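Going by my numbering, the letters in the sequence shown line up with residues 1 to 47, in that order.
One structure is given here, and the rest of the page talks about it.
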Amino acid sequence: MANEIGKRYECVECGALYLVVKRGGGTIECHGVPAVQQAAKQLPSSD
Ligand SMILES: [Zn+2]
Numbered sequence: 001m002a003n004e005i006g007k008r009y010e011c012v013e014c015g016a017l018y019l020v021v022k023r024g025g026g027t028i029e030c031h032g033v034p035a036v037q038q039a040a041k042q043l044p045s046s047d
């Protein structure tokens, strides 16, 4: 599955978060471990 801009991924090994900023067909990996996609959620409005 191609990565989509704005999707968030998290490494289950170290907890690193990745935000997809460009389209690509590759799997996001952290030190060789595929990162898992996080559920989309709204950013809280900052005020
Ligand atoms: Zn990691």
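Ideal Cβ placement from N, Cα and C applies to all residues, glycine included.
What you are looking at is a predicted structure, and each value in this text was computed from that prediction instead of being measured.
- With 16 or more other CB atoms across the displayed protein chains lying within 10 angstroms of its CB, I28 is buried.
- For E10, the enclosing beta strand (DSSP E) begins and ends at 8 to 10.
- With a cut-off of 6 Å, the C-beta of E13 is classified as near ligand 1, since at least one heavy atom of the ligand falls inside that distance.
- In this structure, ligand 1 has no non-hydrogen atom nearer than 6 Å to the beta-carbon of A39.
- When the Cα atoms are used, C11 and V36 turn out to be separated by approximately 6 Å.
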